[in-house]
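Below: one structure, written as structure tokens.
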Amino acid sequence: MTQPTPIPRDGRPRLLDLFCCAGGAATGYQRAGFAVTGVDIVDRSARYPFTFRQGDALTVLAGLIASGEIAAYSAIHASPPCQDKCALTVGTNQAMGWGGDHVDLVAPTRELLEATGLPYVIEQPDGKADVRKDITLCGEMFGLGVLRHRNFELGRWTAAKPRHVKHRGYVRGWRHGVYRDGPYVAAYGKGGGKATVPEMQQAMGIHWTDVHEELTEAIPPAFSQWLGRALLDHLDAGQVAA
Ligand SMILES: C[S@@+](CC[C@H](N)C(=O)[O-])C[C@H]1O[C@@H](n2cnc3c(N)ncnc32)[C@H](O)[C@@H]1O
């Protein structure tokens with residue numbers, strides 16, 4: 009039988025944010041009501057807004073399971089790097105030497121997440137065939153200046169799929185020799201009309217980092233705030249005071 013989730017003393021359930029980068033996802037979960045701890049292999053401590061631990065996400069998670077410390081958490085979010093088989097890194101980019109050599113971390117991440125017994129979320133961009141599209145979110149659902157479609161696999165919990173809303177126009181920039189203007193910016197890469205750092209910050213609602221790579225990797229906090237609220241609704245059913 010599943011044990012009820014204890015509520016920590018500060019009243020906020022704890023969420024472990026694996027592959028956290030500068031905390032786009034983390035910020036949405038925090039706004040939804042979670043106390044967030046992030047893990048990244050790169051030292052992001054200068055900009056990650058919450059408790060940060062540097063290390064390999066799978067090693068840290070395996071350690072938390074082995075020690076039993078995972079019991080302090082109510083849920084886990086994971087954004088394994090998407091370089092393997094991702095639409096953003098095949099085609100031209102693969103020809104440039106990216107995409108083929110990267111280790112796919114999704115399967116081993118999922119295996120460990122299952123072992124925790126906790127509800128979890130795995131996030132990937134469109135084009136990753138090996139993540140279930142239980143939920144797909146788009147910036148237009150939240151009135152953002154990016155589309156940034158992201159798929160979310162929900163493990164050990166479910167949420168109703170939101171309706172995908174009609175886009176207002178094009179993503180600004182050059183594609184296949186054609187320049188289009190539009191209400192959205194491309195928050196990845198450089199050149200060809202893609203967003204500047206201030207434009208990415210504005211479009212995604214991320215103002216605590218100005219590092220181009222971190223903005224390029226982030227999901228808008230609005231996405232994870234939506235997921236976090238649904239996750240809290242799910243947890244509410246089984247919670248008891250610690
Ligand atoms: C797609 S980004 C995560 C974006 C984040 N969810 C956000 O919304 O800001 C992936 C992150 O995984 C980190 N990373 C790559 N391999 C890792 C590993 N083995 N363990 C921990 N972090 C890793 C990268 O440094 C990068 O910051």
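Per our numbering, numbering of the sequence shown is gapless, rising by one per residue and ending at 250. The C-beta atom is built at its ideal place from N, Cα and C for all residues, glycine as well. Quick caveat, the model's predicted, so the values are computed rather than measured.
query                                                                                                         : result
Per-residue DSSP class, three states only, for Y187                                                           : strand
For L69, the three-state DSSP class (helix, strand or coil)                                                   : helix
Euclidean distance between Cα positions of K198 and G181                                                      : 11 Å
Which of helix, strand or coil DSSP assigns to P21                                                            : coil
Other residues of its chain near T124: CB distance less than 7 Å, five sequence neighbours each side excluded : I73, I78, I84
V50 beta carbon near ligand 1 (any heavy atom closer than 6 Å)                                                : yes
The region 63-73 contacting the region 218-234, beta-carbon criterion three pairs below 8 Å                   : no
DSSP state of V261 mapped onto helix, strand, coil                                                            : The chain is shown only over 9 to 250; residue 261 falls outside these bounds and no answer can be derived.
Status (buried if at least 16 other CB within 10 Å, exposed otherwise) for G108                               : Any reading at G108 must be qualified, since the residue scores a pLDDT of 45, below 50, and its modelled position is unreliable; no value is offered.
Delimiting residues of the beta strand (DSSP E) encompassing T144                                             : 143-145
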